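Asker: Starting off with a structure, shown below.
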Ligand code: BGC
């Protein structure tokens, strides 16, 4: 009896305590109901508090109600080390080292959505372990010019490729209860003048080229937050731009998440109130100086906003919308129930980083089968030349800079893979010897006082007696290379590397150039070098990923997500003088007209018949693939119909390998100019030697459309279309015509 009454009392007590759980804290109830409940309990001051930062990377919650705040972190290649509350300097923690994953250009070069899902899952787990709620990434700004210092953080020049690759990344991160913050929305396609550039472009280019990846991130990926860009469009900063944030993002696309400003991207309280930004970060406003008391109250969306409401100048409709969105972000992340602990620097994450690198490395050229290096030559001698063989690349480049637990250099990776072959090293050139970003130091001493002539002479002497010479060079993460806030000065390799490569080519026929960069570079020596590998920035496992490919442990399967032009003038934006824009005489604003319109990347090269150095979609393998006859199941497509395109692909070589089969559509006769062809689908197929698989793609009306600005609609004009399938944009293996 006593036991029964005890049980009864306990049951009544827990039912009562459940009933006393406020609606907003009851995770079993619908999220919108909880948000409304929370909103109704907030004071005006509490509402204002949660829409702006309280430190460099965090925003407050509502302590009175037990609503936690938000901790954000860069992004997008690893979890940034902790900085001080109000400053960019390091907090000096010893437990905030991370795994650096390959840069997003490499991820895009994998053309493998499954690899993107692995990336998202892994980096999301690192964020979770570090207590972060919002990952500031991924970035999907389109690669418009090879000079853009931040291209390495993005996913290339094609809207479909970027859209396809960003979605699994987002889903992978967010399944951890960590939000992505997709950036930089939108038109942030160069770094020079990034706060003052006013982009002028037509609606076709906007909708066909620059928006699709963001739209996919929102609608297919379900991104919980998005970051406004620094630049302007229509004379309004993108961090408070009515058209982009209210009309397109929130109304057209139905985005229900929060718009987070880029750090310091808010400039005006009235525009911030009205034009769709929900959370203000990084402002450097009047009264805000390092460590100043209550500095965050001076944010545009802090006291200035509160005062406007109190004076009756503005109502609270916009505020409530912002608060709802921020609460939604909190409920989805910092207040999500039953979160896993996450993991940091796990074996699985290193394996993921290595795999992503393996899949993204692109074999650009391999004359005479120089690669892979034959490990059956045990007495062989390998000479590695170049600064990028030893330089740590995870430090630098701006906000994506990391503090890694470890980073395997290409030289170390090659040494580990070389077995009994001897590996020697020569510097070849001196580039950037700096090794510090925001207080994170590489600890490397790269100083070398020898003259360029001495460095070349040493490398040449050693190259004469080597069986293989592997030159590892390219760009780095210093200013005016691949680095935030600056653009490159030209397409050429810096530090006179061309001279080193030419000299090596003169003395050794087995020269392999590994180019480390997030951008296309000029290769005037291309005909003199038998093997060229595009190595990207590969993060913690860089050296191992590269060695896996060089020694054939991994058969390369990456394809370029951007065109490599021969010269800068071959790129559309530069051919038309449409970079970096024209400064207005009476203001800091720089008008930049995207004169090439929709002809970005290969669309320009194909349509204008400008032969690239290496085409979009190009990438070789250690095996060969033969394409059979392309067939379609119909010659005509109805308005709601589809056509199925099939093509058999056979691995005709001796090793297993993967081919990225690409499908392009052309509309040769149309009332508006169309690009020669556009990527509409792709599939990475893994084939054993001798194996054949028939790859099939469905082509539907949406693949035939252009964006009609006059009617603001996607239009497919009746007529004849061409479907082309191949291994790159300049290697089409089969074509068929059909009518729509
Ligand atoms: C960058 C963002 C970054 C933010 C926070 C800004 O300067 O543009 O991409 O997320 O800083 O570090």
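Residue numbers (our numbering): 15 to 754. Ideal Cβ positions, reconstructed from N, Cα and C, are used throughout, including at glycine. None of these values were measured; they are calculated from a predicted model.
1. Is residue 150 near the ligand BGC, going by C-beta to nearest heavy atom under 6 Å?
2. In its own chain, which residues sit with a C-beta less than 8 Å from the C-beta of residue 499, not counting the 5 before and 5 after it?
3. Comparing C-alpha positions only, which one of 684, 696 and 670 sits nearest to residue 659?
4. If you compare alpha carbons, which of 609, 132 and 257 is closest to residue 369?
5. Among the candidates 673, 702 and 69, whose CA atom is the shortest distance from the CA of residue 377?
6. Would you kindly check if the distance between the Cβ of residue 81 and the Cβ of residue 195 is under 7 Å?
7. Output the distance between the C-alpha atoms of residue 311 and residue 178, rounded to the nearest integer angstrom.
8. Taking residue 397 as part of the alpha helix (DSSP H), name the residues at either end of that continuous run.
9. Between residue 413 and the ligand BGC, is the CB less than 6 Å from at least one heavy atom?
10. With a CB to CB cut of under 7 Å and the five nearest residues on each side skipped, what residues in its chain are close to residue 62?
11. What are the uninterrupted segments assigned as alpha helix (DSSP H) that are 4 or more residues long and contained completely in the region 133-188, given in chain order?
12. Could you spell out the range, first to last residue, of the alpha helix (DSSP H) harbouring residue 198?
13. Just to confirm, are residue 648 and residue 657 a CB contact at a threshold of 7 Å?
14. Please state if the CB of residue 529 and the CB of residue 477 are separated by a distance shorter than 7 Å.
15. Pick out whichever of 534, 116, 682 and 241 has its Cα sitting closest to the Cα of residue 632.
16. Residue 616: which of 46, 145, 223 and 49 sits nearest, CA to CA?
17. Flag this pair as yes or no: are the beta carbons of residue 638 and residue 664 separated by less than 7 Å?
18. Quick one: give me the first and last residue of the alpha helix (DSSP H) that residue 120 is part of.
19. Measure the C-alpha to C-alpha separation of residue 512 and residue 539 and round it to an integer number of angstroms.
20. Which runs of the alpha helix (DSSP H) fall wholly inside the region 290-377 and span at least 4 residues, in chain order?
21. Can you name, in chain order, every residue of its own chain whose Cβ lies under 6 Å from the Cβ of residue 751, other than the five neighbours on each side?
22. On a Cα-Cα basis, can you pick out the residue from 465, 436, 495 and 690 that is closest to residue 480?
23. For residue 685, count neighbouring C-beta atoms within 10 Å of its own C-beta (all shown protein chains included) and say buried if the count is 16 or more, exposed if not.
24. Which stretch, first to last residue, makes up the beta strand (DSSP E) that contains residue 547?
25. Along the beta strand (DSSP E) that carries residue 709, what are the first and last residues, could you check?
26. Could you give the first and the last residue of the continuous alpha helix (DSSP H) run that contains residue 462?
27. So residue 485 and residue 400 are supposed to be a Cβ contact under 8 Å. How far apart are they, rounded?
28. Please work out which residues of its chain come closer than 8 Å, Cβ to Cβ, to residue 1, disregarding the five sequence neighbours upstream and downstream, and give them in chain order.
29. Strictly by DSSP, which residues pair up with residue 443?
30. Please confirm whether residue 423 and residue 404 have their CB atoms less than 7 Å apart.
31. For residue 351, which option in 42, 720 and 746 has the closest C-alpha, if you only look at C-alpha atoms?
32. For the ligand BGC, is there any heavy atom lying closer than 6 Å to the beta carbon of residue 276?
33. Tell me residue 764's beta-bridge partners as DSSP assigns them.
34. Would you mind giving the Cβ-Cβ distance between residue 748 and residue 643, rounded to the nearest angstrom? I have them listed as a contact below 8 Å.
35. Quick one: using the 10 Å Cβ neighbour count with 16 as the cut-off for buried, is residue 543 buried or exposed?
36. Only counting the same chain, and skipping five residues up and downstream in sequence, which positions put a Cβ closer than 6 Å to that of residue 822?
Answerer: In short:
1. Numbered from its first residue, the chain shown carries residue 150 at position 136. The answer is yes for residue 150.
2. Here residue 499 refers to the residue found at position 485 of the chain shown. Around residue 499: 163, 205, 208, 412 and 493.
3. Walking along the chain shown from the start, residue 659 turns up at place 645. With respect to the C-alpha of residue 659, the residue from 684, 696 and 670 having the closest C-alpha is 696.
4. Taking the first residue of the chain shown as 1, we reach residue 369 at position 355. Checked all of 609, 132 and 257; the closest Cα to residue 369 is 132.
5. Residue 377 sits at position 363 when you count from the first residue of the chain shown. Residue 377 has its Cα closest to that of 673, out of 673, 702 and 69.
6. For the purposes of this step, residue 195 is identified with residue 181 of the chain shown, where counting begins at 1. For the purposes of this step, residue 81 is identified with residue 67 of the chain shown, where counting begins at 1. Cβ atoms of residue 195 and residue 81: not closer than 7 Å.
7. Taking the first residue of the chain shown as 1, we reach residue 311 at position 297. Taking the first residue of the chain shown as 1, we reach residue 178 at position 164. Just so you know, the alpha carbons of residue 311 and residue 178 end up roughly 41 Å apart.
8. Position 383 of the chain shown, counted from the first residue, corresponds to residue 397. Residue 397 -> not in any alpha helix (DSSP H); beta strand (DSSP E) instead, spanning 395-399.
9. Counted from its first residue, the chain shown places residue 413 at position 399. For the ligand BGC, at least one heavy atom lies less than 6 Å from the Cβ of residue 413.
10. One-based indexing of the chain shown puts residue 62 at position 48. Result list for residue 62: 316, 319 and 320, in chain order.
11. Listed in chain order, the complete alpha helix (DSSP H) runs (minimum 4 residues) inside the region 133-188 are 173-188.
12. Here residue 198 refers to the residue found at position 184 when the chain shown is read from its first residue. In the DSSP assignment, residue 198 falls outside any alpha helix (DSSP H) and within the unbroken beta strand (DSSP E) covering 193-199.
13. Position 634 of the chain shown, counted from the start, is the residue given in the question as residue 648. Position 643 of the chain shown, counted from the start, is the residue given in the question as residue 657. Between residue 648 and residue 657, the CB-CB gap stays under 7 Å.
14. As a position in the chain shown, residue 477 is number 463, starting the count at 1. As a position in the chain shown, residue 529 is number 515, starting the count at 1. The answer is no: Cβ separation not under 7 Å.
15. Taking the chain shown and counting its residues from 1, one reaches residue 632 at position 618. Closest by alpha carbon: 534.
16. Indexing the chain shown from 1 puts residue 616 at position 602. Per the Cα distances, 223.
17. Residue numbering aside, residue 638 sits at position 624 when the chain shown is read from its first letter. Residue numbering aside, residue 664 sits at position 650 when the chain shown is read from its first letter. With contacts defined by Cβ atoms closer than 7 Å, residue 638 and residue 664 do not form a contacting pair.
18. In the chain shown, residue 120 corresponds to position 106, counting from 1. Start and end: 118-124.
19. One-based indexing of the chain shown puts residue 512 at position 498. One-based indexing of the chain shown puts residue 539 at position 525. Between residue 512 and residue 539, the C-alpha separation is close to 7 Å.
20. Taking only runs of at least 4 residues, the alpha helix (DSSP H) segments lying wholly in the region 290-377 are 317-324, 331-346 and 361-374.
21. Stepping through the chain shown from its first residue, residue 751 is reached at position 737. If we look at residue 751 and ignore the five residues flanking it on each side, its Cβ neighbours are 734 and 736.
22. Taking the chain shown and counting its residues from 1, the one referred to as residue 480 is at position 466. Nearest to residue 480 by C-alpha distance, out of 465, 436, 495 and 690, is 436.
23. Walking along the chain shown from the start, residue 685 turns up at place 671. Label assigned to residue 685: exposed.
24. Reading the chain shown from its first residue, position 533 is the one you call residue 547. From DSSP, the beta strand (DSSP E) with residue 547 extends over 545-548.
25. The sequence position of residue 709 within the chain shown is 695, counting from 1. It spans 706-714 - the beta strand (DSSP E) in which residue 709 sits, taken as one unbroken run.
26. Numbered from its first residue, the chain shown carries residue 462 at position 448. For residue 462, no alpha helix (DSSP H) segment is defined, and its DSSP state is neither H nor E.
27. Position 471 of the chain shown, counted from the first residue, corresponds to residue 485. Position 386 of the chain shown, counted from the first residue, corresponds to residue 400. Going by Cβ atoms, the distance from residue 485 to residue 400 rounds to 5 Å, so yes, they are a contact pair.
28. Outside the displayed span of the chain (15 to 754) sits residue 1, for which this structure offers no information.
29. To locate residue 443, count along the chain shown from 1; it is residue 429. When DSSP reads this structure, residue 443 sits in no beta bridge, so it has no partner.
30. To locate residue 423, count along the chain shown from 1; it is residue 409. To locate residue 404, count along the chain shown from 1; it is residue 390. Yes; because the gap between Cβ atoms is below 7 Å, this pair is in contact.
31. Position 337 of the chain shown, counted from the start, is the residue given in the question as residue 351. Among 42, 720 and 746, the Cα nearest to that of residue 351 is on 42.
32. What you label residue 276 is simply residue 262 of the chain shown in a count that begins at 1. Yes, since a heavy atom of the ligand BGC falls inside the 6 Å radius drawn around the Cβ of residue 276.
33. As displayed, the chain neither begins before 15 nor continues past 754, which places residue 764 out of reach and without an answer.
34. Counting from one through the chain shown, the residue named residue 748 turns up at place 734. Counting from one through the chain shown, the residue named residue 643 turns up at place 629. Your pair residue 748 and residue 643 checks out as a contact, with CB atoms roughly 6 Å apart and the cut at 8 Å.
35. The count along the chain shown starts at 1 and reaches residue 543 at position 529. So residue 543 ends up on the buried side.
36. A query on residue 822 cannot be resolved here, the shown segment of the chain reaching from 15 to 754 and no further.
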